[in-house]
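K.L.:
Those sequence lines, one after another, are chains Z and A.
Take the first sequence: its position 106, counting from 1, is numbered 106 in the working numbering, and each next residue is one higher.
Take the second sequence: its position 61, counting from 1, is numbered 61 in the working numbering, and each next residue is one higher.
Attaching a single structure in structure tokens format; questions to follow.
2 protein chains.
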Amino acid sequence: MSAAPHAVLPRIIVIGCGFGGLEAVRALARAPVDVTLLDRTNHHLFQPLLYQVATAGLAAPAISAPIRHVLRREMRGGRLTILQAEVVDIDVLARAVVLDDGARLPFDHLIVAAGAVNHWFGHDDWAAHAPGLKTLTDAFAIRARVVQAFERAERANDEVTRQAWMNFVVIGGGPTGVELAGTLIEIAHHTLPDEFRHIDSRRAHVVLLEGAEQVLSAFAPTLQTSARRQLEKLGVDVRTGQRVTAISADGVTMQSAGGEVTLLARTVLWAAGVAASPLAKTLAEATGLATDRAGRLPVLPDLSLAGHPHINVIGDMASATSAGKPVPGVSPAAKQMGRCVAANIVARIEGRATKAFHYADYGNLATIGRSSAIVQLEVPGLGLLRLSGLAAWVFWLFAHLYFLIGFRNRFFVMIEWAWSYLSFARSARVVAQPQKAASQRD
Amino acid sequence: MSAAPHAVLPRIIVIGCGFGGLEAVRALARAPVDVTLLDRTNHHLFQPLLYQVATAGLAAPAISAPIRHVLRREMRGGRLTILQAEVVDIDVLARAVVLDDGARLPFDHLIVAAGAVNHWFGHDDWAAHAPGLKTLTDAFAIRARVVQAFERAERANDEVTRQAWMNFVVIGGGPTGVELAGTLIEIAHHTLPDEFRHIDSRRAHVVLLEGAEQVLSAFAPTLQTSARRQLEKLGVDVRTGQRVTAISADGVTMQSAGGEVTLLARTVLWAAGVAASPLAKTLAEATGLATDRAGRLPVLPDLSLAGHPHINVIGDMASATSAGKPVPGVSPAAKQMGRCVAANIVARIEGRATKAFHYADYGNLATIGRSSAIVQLEVPGLGLLRLSGLAAWVFWLFAHLYFLIGFRNRFFVMIEWAWSYLSFARSARVVAQPQKAASQRD
């Protein structure tokens, strides 16, 4: 197909350069369309390894890359524009996106892939005491809290305060919560011992709280049990069936069948939930659609919005189903959706019918700590393959290295990991901005 | 010498874990003394490479390491305490240091090595428009400004605004200013081309302003001329004999023999001056001594304060002379002072006389950009050795790698450099926290 003159190319806007948006832009790069990619930040983030930045195992550049660098080959075609900008509104009727500086960008087709944000289920006051982990800024904030907690414990004047600084509570037993809890205990037991004079970092207490009866709800029951056993072997205090009722600067109160308990802890991390980007609500109000409990927009089988075939929603913002089952909020699903909507937009432009999204589920994996993980894989023709322990961890390691964006990062992450595996050191244990004296309560 | 029982060991407090403080602690580690090291941050910073973090060439952990990790061997003796704390006062008479939380730590001997801070020579309002480079936080702020400037240029609606975002002014022609200007032009000419659609990053204009008639005043005139020629060959607009009279969000106004000129530039970086930590003023008021123009305290030949033999001041806070010449504010001098005061304190404890500080000047080196540097070395018996260009750059590279703290950092910095030298990529071009829309003026 020969490209039409530039001025008349269909204009496509992609909001968000996460896994879904990036894949859509790549898939559209060779089509005769004019693409504008908008993102609030200048980088694509490999979110599955964000917990490593939060726990000082990796520097931020190891898991993030400038969007312009990632898409430098696609830029060469001359039909891709990348703007670092925040979208404040979407004018559904006029088909235009409104940016933070008031600029209006018209579109013929829109792909909304702005992802998810931290969500405290109506308890926004918990945010200050229990930070979540979605962005690099979140990761730096958590890193500062964890590193400073041990510093405060070293300076504490009494035993009660000292232990409160050495108690860590992670709320949420999904992959992020399990990874954070497993890494915190590794830091306390292996990285920090012998570096302090007044405290023994091995006396740190890491509690993982989960509302359901098992951690890692997306996995088969045998793997859930294995994950819990692996966590407990590392030293994590796993408590399931717990409903958090209050979070303050002093700790967490939770309710279970056994009654109400308060854990004193100066460091509480939130891994219990995310919700779709607020842009979903903006779109819902403009289209009359209703968002679900997680703030996501219902999409048609081809991932467009009912009554608005020019607007497509993918990734963590979309409540989609495939083969009658809800599509999970994981990166392979977002990437597959990105490719699907790119193909559907080209089909619409060419007057062909769109295709329904089909989620190819290749499995699921979660890491727990040093040499611990669980993996369940769909092997075509063979059924479900389950791994746990060291074999699962090695699989997880290579899978993550393989999917990291760009050669450089992959190579650097590999040697950083090799080094920290051998030395137990955590190379990024550096906090740029110390917390001010005003926040030092003891 | 056999150690006395723990309770009666002389108590030594070291304020600051820069090059001077770290060296002093290391030198005291085997002496029968009880040492407490205080620092506001949790890391030792290799400041000579801070400009690489500011210009996105290196991640912060590559040039900084947790103090506790750096001093883990010294901790094993059981006589070293490290506290992350800010010193707010020094009680000279009672011999105690007062911390931010009100705690008072008594000492028998004090080493004050709190270094230097950015200094705008009475124009504190310039700080907001022309950030300086002394800490990791400073480096992240400069990195964000530089990366965002090109993003803003790409979004600009008119040519004047676009070019204002692509004009960069570096104030101060010392080593830091030269490094920043050389690296900015390298980014514009080699890293960013082809990554934008509306701008040509090669049209960025980098101006280096210096008040004196030559850059790099610490070097021999022939090397100064060579440095200027190398900068201009890279594309830097070097303007000497310029006195800055105003800095605003829009640019810099300067006065020279040729009259007053205003450069329109949205990005202005300050490398024109530092002053001693404000603790010097605190000490001056308590001791009746007068600080010099750079806020430094005059010290006796043995680096103690006149009338206060138990208080020693080293590094960028000390106005010291050696062989009748002022000791420069460079890391080799700070390290040598650290070793000198450690030995002098042990001498005082043992009733021996202290020794005067003698600065061994091995030379000076400055890097300019890719394959460009100047080096002047004192070779005993041979006199002054001068290098410029590629040979000087290779020398600079290995000298800096050699002095980087800790094996890991050295190794990682080396491969990161090798990679970016070959690829022109700048791996750390990632800004965690995008600037808010409110600050986006166009």
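Just so it is clear, CB atoms sit at the ideal spot from N, CA and C, and this is done for glycine as well.
Report all residues from its chain with a CB closer than 7 angstroms to the CB of Ala-29 (chain Z); omit the five preceding and five following residues, and keep chain order.
P.N.:
Working through the first sequence from its first residue, we reach residue 29 (chain Z) at position 29. Glu-74, Gly-77 and Leu-80.
K.L.:
Under 7 angstroms Cβ to Cβ from Leu-263 (chain Z), same chain only, skipping five residues before and after it: list those, please.
P.N.:
Working through the first sequence from its first residue, we reach residue 263 (chain Z) at position 263. Cβ neighbours of Leu-263 (chain Z) beyond the five flanking positions: Asn-167, Val-169, Val-207, Gly-251 and Val-252.
K.L.:
From the beta carbon of Asp-194 (chain A), is the nearest beta carbon of chain Z less than 8 angstroms away?
P.N.:
On the second sequence, residue 194 (chain A) is found 194 positions in, with the first residue counted as 1. So, interface residue.
K.L.:
Of the residues that make up the region 220-251 of chain A, which ones have a beta carbon closer than 9 angstroms to any beta carbon in chain Z?
P.N.:
none
K.L.:
Going by DSSP, what residues sit across from Ile-12 (chain A) in a beta bridge?
P.N.:
For the purposes of this step, residue 12 (chain A) is taken as the residue at position 12 of the second sequence. Looking at the DSSP output, Ile-12 (chain A) shares a beta bridge with A:Val-35 and A:His-109.
K.L.:
In terms of alpha-carbon separation, which member of Z:Val-147, Z:Gly-177 and Z:Leu-83 lies closest to Glu-154 (chain A)?
P.N.:
Here residue 154 (chain A) corresponds to residue number 154 of the second sequence, with the count starting at 1. Taking only the C-alpha atoms, the option nearest Glu-154 (chain A) is Z:Leu-83.
K.L.:
Within 10 angstroms of its Cβ, does Arg-104 (chain Z) collect 16 or more other Cβ (buried), or is it exposed?
P.N.:
Taking the first residue of the first sequence as position 1, residue 104 (chain Z) is located at position 104. Under this definition Arg-104 (chain Z) is an exposed residue.
K.L.:
Run through the DSSP bridge pairs and tell me what Gln-255 (chain Z) is partnered with.
P.N.:
Numbered from 1 along the first sequence, position 255 holds the residue referred to as residue 255 (chain Z). DSSP lists Z:Arg-243 and Z:Glu-260 as partners of Gln-255 (chain Z).
K.L.:
Three-state secondary structure (DSSP) at Ser-388 (chain Z)?
P.N.:
Here residue 388 (chain Z) refers to the residue found at position 388 of the first sequence. Here Ser-388 (chain Z) sits in strand by DSSP.
K.L.:
Please work out which residues of its chain come closer than 7 angstroms, Cβ to Cβ, to Thr-287 (chain A), disregarding the five sequence neighbours upstream and downstream, and give them in chain order.
P.N.:
Residue mapping note: residue 287 (chain A) aligns to position 287 of the second sequence, counting from 1. Only Val-92, Leu-305, Gly-307 and His-308 meet the Cβ criterion.
K.L.:
Tell me whether Asp-138 (chain A) is buried or exposed, calling it buried when 16 or more other Cβ atoms sit within 10 Å of its Cβ.
P.N.:
Position 138 of the second sequence, counted from the first residue, corresponds to residue 138 (chain A). Buried is the label assigned to Asp-138 (chain A), since at least 16 other Cβ atoms lie within 10 Å of its Cβ.
K.L.:
Comparing alpha-carbon positions, which option in A:Pro-175, A:Trp-270, A:Glu-195 and A:Thr-267 lies nearest Arg-228 (chain A)?
P.N.:
Stepping through the second sequence from its first residue, residue 228 (chain A) is reached at position 228. Closest option to Arg-228 (chain A), Cα to Cα, is A:Pro-175.
K.L.:
Which residues does DSSP list as the beta-bridge partners of Pro-326 (chain Z)?
P.N.:
Counting from 1 along the first sequence, the entry for residue 326 (chain Z) is found at position 326. In DSSP, Pro-326 (chain Z) forms a bridge with Z:Thr-321.
K.L.:
Are the region 222-241 of chain Z and the region 194-208 of chain Z touching, with three or more C-beta to C-beta distances below 8 angstroms?
P.N.:
yes
K.L.:
In this structure, how does DSSP classify Phe-411 (chain Z) when only helix, strand and coil are distinguished?
P.N.:
To locate residue 411 (chain Z), count along the first sequence from 1; it is residue 411. Looking at Phe-411 (chain Z) - three-state DSSP - the assignment turns out to be helix.
K.L.:
Start and end of the beta strand (DSSP E) containing Pro-309 (chain A)?
P.N.:
For the purposes of this step, residue 309 (chain A) is taken as residue 309 along the second sequence, with counting starting at 1. Per DSSP, Pro-309 (chain A) belongs to the beta strand (DSSP E) from 308-313.
K.L.:
Among all the DSSP beta bridges, which residues are the ones paired with Trp-270 (chain Z)?
P.N.:
The sequence position of residue 270 (chain Z) within the first sequence is 270, counting from 1. Per DSSP, Z:Ile-171.
K.L.:
Do three or more CB pairs link the region 312-321 of chain Z to the region 295-304 of chain Z at distances below 8 angstroms?
P.N.:
yes
K.L.:
Quick one: what's got a C-beta closer than 7 angstroms to Gln-336 (chain Z)'s C-beta in the same chain, skipping five residues either side?
P.N.:
Here the question's residue 336 (chain Z) lines up with position 336 in the first sequence. Counting only Cβ-Cβ distances below 7 angstroms, and skipping sequence neighbours, we find Tyr-359 and Ala-360.
K.L.:
May I ask you to report which of helix, strand or coil DSSP gives Asp-124 (chain A)?
P.N.:
For the purposes of this step, residue 124 (chain A) is taken as residue 124 along the second sequence, with counting starting at 1. Three-state result, Asp-124 (chain A): helix.
K.L.:
Relative to the alpha-carbon of His-189 (chain Z), which residue among Z:Ala-249, Z:Gly-177, Z:Trp-417 and Z:Arg-202 has its alpha-carbon at the smallest distance?
P.N.:
Along the first sequence, one-based indexing puts residue 189 (chain Z) at 189. With distances taken between Cα atoms, His-189 (chain Z) lies closest to Z:Arg-202.
K.L.:
Hey, does Glu-159 (chain A) have any beta-carbon neighbour from chain Z nearer than 8 angstroms?
P.N.:
The residue you call residue 159 (chain A) lines up with position 159 of the second sequence. Not closer than 8 angstroms to any Cβ of chain Z, the Cβ of Glu-159 (chain A) fails to qualify, so no.
K.L.:
Run through chain Z and tell me which residues come within less than 9 angstroms of Met-75 (chain A), C-beta to C-beta.
P.N.:
Here residue 75 (chain A) is taken as the residue at index 75 of the second sequence, counted from 1. Listed along chain Z are Asp-194, Glu-195, Phe-196 and Arg-197, each with a C-beta nearer than 9 angstroms to that of Met-75 (chain A).
K.L.:
Quick one: grab the DSSP three-state call for Gly-193 (chain Z).
P.N.:
Residue mapping note: residue 193 (chain Z) aligns to position 193 of the first sequence, counting from 1. A small fix is needed here, since residue 193 (chain Z) is Pro in this sequence, not Gly. Residue state, collapsed to three classes: coil.
K.L.:
Which of helix, strand or coil does DSSP assign to Thr-41 (chain A)?
P.N.:
As a working mapping, residue 41 (chain A) is identified with position 41 in the second sequence. Looking at Thr-41 (chain A) - three-state DSSP - the assignment turns out to be coil, as it is neither helix nor strand.
K.L.:
Just to make sure I have the definition right: I need the residues of chain Z whose C-beta is within less than 9 angstroms of the C-beta of Asn-118 (chain A). Which are they?
P.N.:
In the second sequence, the residue the question calls residue 118 (chain A) occupies position 118. Going along chain Z, no residue has its Cβ under 9 angstroms from Asn-118 (chain A), so there is no contact; the nearest lies around 15 angstroms.
K.L.:
Alpha carbon to alpha carbon, what distance is there between Arg-72 (chain A) and Thr-453 (chain A)?
P.N.:
Only positions 1 to 442 of chain A appear in the structure, and residue 453 (chain A) is not among them; the question remains open.
K.L.:
Return the residue from the list A:Val-147, A:Val-53, A:Cys-17 and A:Ala-59 that minimises the CA-CA distance to Glu-195 (chain A).
P.N.:
Locating residue 195 (chain A) in the second sequence gives position 195, where the first residue counts as 1. Of A:Val-147, A:Val-53, A:Cys-17 and A:Ala-59, the residue nearest in Cα terms is A:Val-147.
K.L.:
Taking 8 angstroms as the threshold, find out whether the region 125-140 of chain A comes into contact with the region 243-250 of chain A through three or more Cβ pairs.
P.N.:
yes
K.L.:
For His-69 (chain A), return the contacting residues in chain Z, with the cut-off set at a CB-CB distance below 8 angstroms.
P.N.:
Numbered from its first residue, the second sequence carries residue 69 (chain A) at position 69. What His-69 (chain A) touches in chain Z: Glu-195, Ala-425 and Arg-429.
K.L.:
With 8 angstroms set as the bound, which would you pick, yes or no: does the beta-carbon of Ser-277 (chain Z) sit closer than that to a beta-carbon of chain A?
P.N.:
Working through the first sequence from its first residue, we reach residue 277 (chain Z) at position 277. Not a single CB atom of chain A sits nearer than 8 angstroms to the CB of Ser-277 (chain Z).
K.L.:
If distances are taken between C-alpha atoms only, which option among Z:Val-413, Z:Ala-94, Z:Val-274 and Z:Leu-401 comes closest to His-109 (chain Z)?
P.N.:
What you label residue 109 (chain Z) is simply residue 109 of the first sequence in a count that begins at 1. Nearest option by C-alpha distance: Z:Ala-94.
K.L.:
Taking Cβ-Cβ distances shorter than 8 angstroms, what residues in chain D pair up with Ser-64 (chain A)?
P.N.:
The structure shown contains no chain D; the protein chains it does contain are Z and A.
K.L.:
Taking 6 angstroms as the limit between beta carbons, can you name the residues of its chain near Val-97 (chain A), skipping five residues before and five after?
P.N.:
Reading the second sequence from its first residue, position 97 is the one you call residue 97 (chain A). If we look at Val-97 (chain A) and ignore the five residues flanking it on each side, its Cβ neighbours are Ile-13, Val-87, Ile-90 and Leu-105.
K.L.:
Express the C-alpha separation of Ser-322 (chain A) and Ala-342 (chain A) in angstroms, rounding to a whole number.
P.N.:
Your numbering for residue 342 (chain A) matches position 342 in the second sequence. Your numbering for residue 322 (chain A) matches position 322 in the second sequence. For Ala-342 (chain A) and Ser-322 (chain A), the distance between alpha carbons rounds to 18 angstroms.
K.L.:
Residues of the region 140-164 of chain A with a CB closer than 7 angstroms to any CB of chain Z: list them in chain order, please.
P.N.:
Those residues of the region 140-164 of chain A that come within reach of chain Z (Cβ to Cβ, closer than 7 angstroms) are Phe-140, Val-147, Glu-151, Glu-154 and Arg-155.
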